[in-house]
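Q: Heads up: take any position in the sequence shown, counting from 1, add 27, and you land on the numbering used here. Just so it is clear, CB atoms sit at the ideal spot from N, CA and C, and this is done for glycine as well. This is the structure I have questions about; it appears just below.
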Amino acid sequence: MYSLCTGCARRIALSCRALTRFDGIPALTVARTVPRAHNRGMLSYQHIYHAGNLADVHKHALLAWMLAYVTRKDKPLSYLETHAGRALYDLSADEAIKTGEAAQGIARASDWFDADDPYMNSIRQTNEIHGQTAYPGSPLIADILLRDGDTITLAERHPRECAALQHALPTAQVRQVDGFAMAHAALPPTPRRGLLLIDPSYEVKADYDDIPRHIRKYARAWNVGIIALWYPILASNTHANMLTTLQNDHPDALRHEVRFPPARPGHGMVGSGLFVLRPPFGLAERAAKLKTRFDLLK
Ligand code: SAM
Numbered sequence: 028m029y030s031l032c033t034g035c036a037r038r039i040a041l042s043c044r045a046l047t048r049f050d051g052i053p054a055l056t057v058a059r060t061v062p063r064a065h066n067r068g069m070l071s072y073q074h075i076y077h078a079g080n081l082a083d084v085h086k087h088a089l090l091a092w093m094l095a096y097v098t099r100k101d102k103p104l105s106y107l108e109t110h111a112g113r114a115l116y117d118l119s120a121d122e123a124i125k126t127g128e129a130a131q132g133i134a135r136a137s138d139w140f141d142a143d144d145p146y147m148n149s150i151r152q153t154n155e156i157h158g159q160t161a162y163p164g165s166p167l168i169a170d171i172l173l174r175d176g177d178t179i180t181l182a183e184r185h186p187r188e189c190a191a192l193q194h195a196l197p198t199a200q201v202r203q204v205d206g207f208a209m210a211h212a213a214l215p216p217t218p219r220r221g222l223l224l225i226d227p228s229y230e231v232k233a234d235y236d237d238i239p240r241h242i243r244k245y246a247r248a249w250n251v252g253i254i255a256l257w258y259p260i261l262a263s264n265t266h267a268n269m270l271t272t273l274q275n276d277h278p279d280a281l282r283h284e285v286r287f288p289p290a291r292p293g294h295g296m297v298g299s300g301l302f303v304l305r306p307p308f309g310l311a312e313r314a315a316k317l318k319t320r321f322d323l324l325k
């Protein structure tokens, strides 16, 4: 089903820091086998059901583009993520097959991109290291595209996801804490240049009310950072008030949205949004080009 790199002759330099496996167990195996008993019902969302879906394609393609852009300058930077997930997903896992979201997502969208697109590069390197059904979450995309002097700081509150994340990215600073609190404590980071990705699962409905307040403080604390928020476009319009507030607070930010058919009949998510403070030059054009592909989806 997921055969992105079949026939790809080009060997990629395997610079990914995820190659360093501290105990010799393949990271993809850990992602599958960390026991569920650690999840005491605190959080139920698991990104493996949704990895590689059309929302991931939107978010990950633009994230990869931004990271490629900011690493053009020969100065170190900080990458931070409030809701990291496990970083490495196996799209042949039962959970991914069950929803079929990757089949409707990256499996269909991979030919939307040039072979040297940074998102494609990160998928290809992931496949080279972890196998053809592996898919990189945002922390792994960052790990692949960033350089040795850059720093990666990640929060993931779910114990099982956090254990898998730590295993997949042994050189990143991984914290099993609330991501919003982590960012408040970490900003401004050192190095000062960089990007913060906020990618909540929105399991807690209060997130929609709280996020503008968090972002206002992040933007004040870190006056040079790129701050990117992912949000779902919901048929119920639950996200709408949050966006109105964000736009009033940050009139110069880029709001980019794509629509797609729901993953299943009646499924509430009908699109994907990215709200970016201090967007890198050219992001709006790149995003508009990507949207033309989404617009053709049936
Ligand atoms: N950013 C990831 C990617 O694109 O590959 C996907 C992240 S997934 C949408 C959201 C993650 O946030 C889940 O793994 C969930 O366990 C975690 N999470 C939920 N609430 C959290 C919180 N308050 N702080 C940190 N992580 C949280």
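#1: Any chance the CB of GLY309 is under 6 Å from a heavy atom of the ligand SAM?
#2: Given the structure, does SER228 come close to the ligand SAM, in the sense that its CB is under 6 Å from one of the ligand's heavy atoms?
#3: Identify every run of the alpha helix (DSSP H) within the region 110-172, keeping only runs that are complete inside it and at least 4 residues long; order them along the chain.
#4: By the three-class DSSP mapping on this structure, what secondary structure does ALA290 have?
#5: Looking at the unbroken alpha helix (DSSP H) that takes in TYR235, where does it start and where does it end?
#6: How about GLY132 and VAL84: are their beta carbons less than 7 Å apart?
#7: Under 8 Å Cβ to Cβ from ALA91, same chain only, skipping five residues before and after it: list those, please.
#8: Between the alpha carbons of SER165 and GLN73, how many angstroms are there, rounded?
#9: Nearest-angstrom Cα distance between TYR245 and HIS194?
#10: Which one of CYS189, PHE302, GLU230 and ALA208 has the shortest CA to CA distance from ILE279?
#11: If you run the structure through DSSP and keep just helix, strand and coil, what is GLU312?
#12: Going by beta carbon distance, what residues of the same chain come within less than 6 Å of ALA199, once the five residues before and after it are set aside?
#13: Assuming MET269 contacts TYR235 (C-beta within less than 8 Å), just tell me the rounded distance between them.
#14: Quick one: does LEU104 have its CB under 7 Å from some CB of chain C?
#15: Could you tell me which residues DSSP pairs with SER105 in its beta bridges?
#16: Of all the options LYS325, GLY176 and ALA111, which has the alpha carbon lying nearest to the alpha carbon of LYS100?
#17: DSSP on LEU301, reduced to helix/strand/coil?
#18: Let's test the definition: count the other Cβ atoms within 10 Å of the Cβ of LYS86 and tell me whether it reaches 16, buried, or not, exposed.
#19: Taking the alpha carbon of GLY300 as the point to measure from, which residue in LEU107, GLY206 and ALA311 has its own alpha carbon closest?
#20: Return the CA-CA distance between HIS241 and PHE140, expressed in angstroms with no decimal places.
#21: Taking only three categories from DSSP, how would you classify ARG99?
#22: Which of the three DSSP states, helix, strand or coil, is assigned to VAL285?
#23: At a cut-off of 6 Å, is LEU70 close to the ligand SAM when judged by its beta-carbon and the heavy atoms of the ligand?
#24: Use the C-beta contact count for GLU230: other C-beta atoms within 10 angstroms, 16 or more gives buried, fewer gives exposed.
A: Working from what's here:
#1: no
#2: yes
#3: 121-126, 128-131, 133-136, 145-157 and 165-172
#4: coil
#5: 234-248
#6: yes
#7: ASP144, PRO145, TYR146, ASN148, SER149, ILE168 and LEU172
#8: Approximately 14 Å, taken between the alpha carbons.
#9: 28 Å
#10: The displayed chain sequence assigns Asp, not Ile, to residue 279. Among CYS189, PHE302, GLU230 and ALA208, the Cα nearest to that of ASP279 is on PHE302.
#11: helix
#12: ILE179 and LEU181
#13: 5 Å
#14: As a matter of chain content, chain C is missing from the structure shown, which is built from one protein chain.
#15: THR178 and GLY221
#16: Cα-wise, what sits closest to LYS100 is GLY176.
#17: If DSSP states are grouped into helix, strand and coil, LEU301 belongs with the strands.
#18: buried
#19: That would be ALA311, whose Cα lies nearest to the Cα of GLY300.
#20: One C-alpha to the other measures close to 34 Å.
#21: It is coil, neither helix nor strand.
#22: strand
#23: yes
#24: With fewer than 16 other Cβ atoms from the protein chains shown falling within 10 Å of its own Cβ, GLU230 counts as exposed.
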